[in-house]
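Going by the working numbering, the sequence shown opens with residue 16, and the numbers climb by one from there. Built from N, CA and C at the ideal position, the CB exists for glycine as well.
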Amino acid sequence: MKNTISRRSFITVTASATAGILVIPSLMSFSPNNKINIAVIGVGHRAGTNMRIAAKGNNIVAICDVDDWFMQKAGEAFPKAKKFKDFRVMFDKMANEIDAVVISTPDHTHFPATMAAMELGKHVFVEKPLAHNVWQVRTMKKAAKYYKVISQMGNQGHTTHGIRLVKEWYEAGVLGDVKEVHAWRGVNKFAPGYYFTKPESFPPPKHEVPANFDWDLWLGPAAERPFNNTYAPKSWRGHYDFGNGQLGDWACHTLDAPFWALDLGAPKKVIGETPLGSFNDSSFMPNSSVVTFEFPKRGNKKPVTLKWHEGFATPNIDINPEWGIDKLPSNGGMLMVGSKNTLMTGARPEKPKILLPQAQQEEFLKNLPAQTIPRIQENAPHKEWIDAIRNNTLPGSNFDYASDLTEMALIGVMAQRFGGKIKYDAKKMKITNRKELNTYIKEPVRQGWSYGENL
16 MKNTISRRSF ITVTASATAG ILVIPSLMSF SPNNKINIAV IGVGHRAGTN MRIAAKGNNI
76 VAICDVDDWF MQKAGEAFPK AKKFKDFRVM FDKMANEIDA VVISTPDHTH FPATMAAMEL
136 GKHVFVEKPL AHNVWQVRTM KKAAKYYKVI SQMGNQGHTT HGIRLVKEWY EAGVLGDVKE
196 VHAWRGVNKF APGYYFTKPE SFPPPKHEVP ANFDWDLWLG PAAERPFNNT YAPKSWRGHY
256 DFGNGQLGDW ACHTLDAPFW ALDLGAPKKV IGETPLGSFN DSSFMPNSSV VTFEFPKRGN
316 KKPVTLKWHE GFATPNIDIN PEWGIDKLPS NGGMLMVGSK NTLMTGARPE KPKILLPQAQ
376 QEEFLKNLPA QTIPRIQENA PHKEWIDAIR NNTLPGSNFD YASDLTEMAL IGVMAQRFGG
436 KIKYDAKKMK ITNRKELNTY IKEPVRQGWS YGENL
C-alpha cells in the first residue's frame with residue numbers, strides 16, 4: 016500500500032495553518048468526565064499491558080496488530096473496538112473517531128505509526144525507546160510541536176518520586192560536582208524465549224512464516240528478508256535492524272535520572288568496547304560490552320564521563336570503602352559519583368540512595384533537602400498523558416525531553432554495534448570521524464513507509 020495518509024494530511028494541515036483556521040477536533044478541550052477515544056497499535060506482550068492501562072476510564076475504539084493471535088485476545092477484552100492489521104488502513108477509515116493513539120510496536124515501527132497519528136492531530140503515547148534512529152527522534156520532536164499534540168514516551172521512572180529526589184539532591188549540592196556516572200545491566204540471557212534469543216547462524220536462516228502472522232507488515236520500513244523465528248514475535252530487540260539491544264531497551268530507564276539531573280544533552284564522543292567474538296557482523300547485540308559516553312561542559316556543570324556496563328555478572332566498578340556497601344546489585348543500577356557524595360539507584364530511578372556509612376545515612380535522612388519538583392502518581396506515565404490531554408498541558412517525558420534522552424542512547428547503541436570511537440556533532444546531526452556510519456543516523460526505508468520528509 017502506498018503511504019497516501021502522510022502526504023494528504025500534511026497538505027491539509029499545512030493549508031489550514033497558513034489560512035489561520037487550523038481546527039483539529041482531537042485538540043479540543045476534554046472535561047474530566049469525558050472519555051477519550053483511543054486507538055492502540057500493537058496489542059501483545061508489553062503492548063497489551065499498555066492497552067489495558069490506557070483503557071481505564073476511556074474508550075478503546077480501535078486495535079491494530081499484525082499477529083492474529085494477539086488480536087484475538089485483544090478483541091475478546093475489547094469486543095467493541097474495530098480491528099485492523101495495518102495502521103494506515105485504520106487511520107484512513109477511522110481518523111474522525113480517534114482522539115489519541117498508544118503505539119507499542121517494535122522499535123523500528125514506532126516512527127511511521129507515530130507520525131501517521133500526529134499528522135492527523137492525534138495525541139500519542141509511545142513505548143521507549145522513542146524511535147530507531149536519530150533523524151526519527153528529531154523529526155518526532157518537531158512534529159509534536161507542529162501538529163500541536165500531547166506526546167509522551169513510556170518510561171515509567173520519569174513519573175516517580177525517586178527521580179525527583181535525584182534531581183533535587185543534586186541541585187541542592189548534596190553530591191557536589193558530578194563528573195563520573197556508571198550504569199549497568201547484568202548477564203544478557205540469550206536462551207530461546209527470552210528477549211535476546213540468538214538465531215542459530217548469521218544471517219538468520221529462513222523459517223516458515225506462522226499462519227497467524229503478517230511478516231510483510233511487521234517489517235514495515237525495514238528491508239525485506241526471510242522470516243526467522245528469532246525476529247518475531249518477541250526477540251526482535253537483539254537484532255539491530257529492528258531493536259536497539261539491551262542498551263536501547265534500558266537506557267531510557269537507567270540513564271533517565273542522570274540525564275535529567277545533570278542536563279547531559281548529546282555526547283560529543285562515545286567509545287564501544289566488546290570482548291572478542293561478541294559481534295555477529297554488527298547485526299546482533301554483543302554478549303557483553305562497555306560503552307563510554309563523553310559529555311562536554313554545560314554552563315557551570317563539569318564535563319561528565321558516563322560508562323554503561325552490560326552483560327557482566329559484576330560490573331568492573333571500584334567500590335569506595337566510604338560508600339558503606341560491599342557489592343553492587345547484579346541485575347542493574349546507576350551511580351552518580353560526586354565530589355562530596357555518591358548516589359545510587361537500581362535499574363530504574365524509584366529508590367535513590369546516598370551512599371554513606373549507616374550513622375551518616377540516618378543523619379542525612381533526618382535533614383533531607385526541600386522538595387521543589389511537583390509530584391504526580393508514581394509509575395503512571397499513561398495517566399500523566401491522559402491528564403495532560405484533558406488539561407492541555409505536557410507530561411514530563413513529552414517528545415521535547417524524550418527525543419533528547421533517546422538520541423543520547425542511540426549514539427551509544429551505534430558505538431556498541433560497530434565498536435571503537437564515534438565523534439558526534441549534535442548540532443549538525445553527524446558522525447564526524449566515521450562518515451560511513453551516518454547512514455544509520457537516518458536509515459533508508461521501504462517504499463510506502465516514508466514519513467516526515469516535509470518537516
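Can you say whether residue i is buried or exposed, counting buried as having 16 or more other CB atoms within 10 angstroms of its CB?
| i | result |
| --- | --- |
| GLN386 | exposed |
| GLN87 | exposed |
| LEU171 | In the sequence as displayed, the identity of residue 171 is Gln instead of Leu. Counting Cβ neighbours within 10 Å, GLN171 comes out buried, since at least 16 surround it. |
| TYR455 | buried |
| ARG61 | exposed |
| ASP264 | buried |
| GLU91 | exposed |
| VAL104 | exposed |
| SER119 | buried |
| PRO459 | exposed |
| LYS312 | exposed |
| THR447 | exposed |
| LEU380 | exposed |
| ARG432 | buried |
| GLN261 | buried |
Leaving out five residues before and five after residue i in sequence, what residues of the same chain have Cβ atoms less than 6 Å from its Cβ?
| i | result |
| --- | --- |
| PRO410 | GLN167, GLU399, TRP400 and ALA403 |
| THR154 | GLY467 and LEU470 |
| MET473 | Residue 473 falls outside the range modelled here, since the chain spans only 16 to 470, and no answer is possible. |
| ASP192 | LYS317 and SER354 |
| LYS221 | PRO241 |
| VAL224 | TRP230 and PHE242 |
| ILE68 | HIS397 |
| LEU279 | PHE310 |
| LYS97 | ALA77 |
Under the DSSP definition of a beta bridge, which residues are partnered with residue i?
| i | result |
| --- | --- |
| GLY353 | VAL193 |
| LYS368 | MET359 |
| PHE257 | In the DSSP output, where bridge partners are listed per residue, PHE257 has none listed. |
| ILE286 | THR307 and LYS436 |
| LEU321 | VAL196 and PHE308 |
| CYS267 | Looking at the DSSP assignment, CYS267 forms no beta bridge with any residue, so it has no partner. |
| ALA7 | Here the chain covers residues 16 to 470 and nothing more, so residue 7 does not appear. |
| GLY347 | ARG200 |
| ILE118 | ILE56 and VAL141 |
| PHE299 | HIS254 |
| MET423 | None, per the DSSP bridge assignment. |
Excluding the 5 residues preceding and the 5 following residue i in the sequence, name in chain order all residues of the same chain whose CB lies nearer than 7 Å to its CB.
| i | result |
| --- | --- |
| ASN52 | ASN74, VAL76, GLU112, ILE113 and ASP114 |
| SER250 | TYR209, TYR210, PHE211 and THR212 |
| PRO364 | GLY172, THR175, GLY177, ILE178, VAL181, ASP271 and ALA272 |
| LYS457 | ASN148 and TRP150 |
| SER418 | LEU145, VAL152, ARG153, MET155 and LYS156 |
Cutting at 8 Å between CB atoms, please list the residues of its own chain near residue i, excluding the five before and the five after it.
| i | result |
| --- | --- |
| ILE334 | ILE340, ASP341, LYS342 and LEU343 |
| THR357 | LEU190, ASN335, TRP338, LEU350, MET351, ILE369 and LEU370 |
| PHE217 | ASN295, ASP296, SER298 and PHE299 |
Report yes if the C-beta of residue i is less than 7 Å from at least one heavy atom of the ligand SAH; otherwise report no.
| i | result |
| --- | --- |
| LEU383 | Looking for the ligand SAH in the displayed structure turns up nothing, as the structure carries no ligands at all. |
Thinking C-alpha only, which one of the options is nearest residue i?
| i | options | result |
| --- | --- | --- |
| ALA276 | ALA187, PRO282, HIS147 and GLY263 | ALA187 |
| VAL319 | SER297, LYS283 and MET300 | LYS283 |
| ILE388 | ALA131, GLU183, MET130 and GLY353 | GLU183 |
| TRP323 | ILE391, LYS317, TYR255 and HIS268 | HIS268 |
| MET423 | THR120, ARG103 and ASN259 | ASN259 |
| GLU451 | LYS438, GLY63 and VAL460 | LYS438 |
| PHE257 | ALA281, PHE85, SER298 and PRO218 | SER298 |
| ASP107 | GLN462, ALA131 and PHE93 | ALA131 |
| SER345 | VAL285, ASN227 and ARG200 | ARG200 |
| ILE332 | VAL196, HIS254, GLU393 and LYS366 | VAL196 |
| ILE426 | LEU321, GLU378, ALA281 and TYR416 | ALA281 |
| said: Check whether the stretch 177-187 and the stretch 269-281 touch, using three or more Cβ-Cβ pairs below 8 Å as the test. | reply: Enough Cβ pairs lie closer than 8 Å, so yes.
| Inter-stretch contact at 8 Å, needing at least 3 Cβ pairs: the stretch 117-135 / the stretch 231-238 | Output reads yes: the stretch 231-238 touches the stretch 117-135.
| query | Can you find at least 3 beta carbon pairs, one from the stretch 317-330 and one from the stretch 130-146, that sit closer than 8 Å? | reply | Flag = no, the stretch 317-330 and the stretch 130-146 do not touch.
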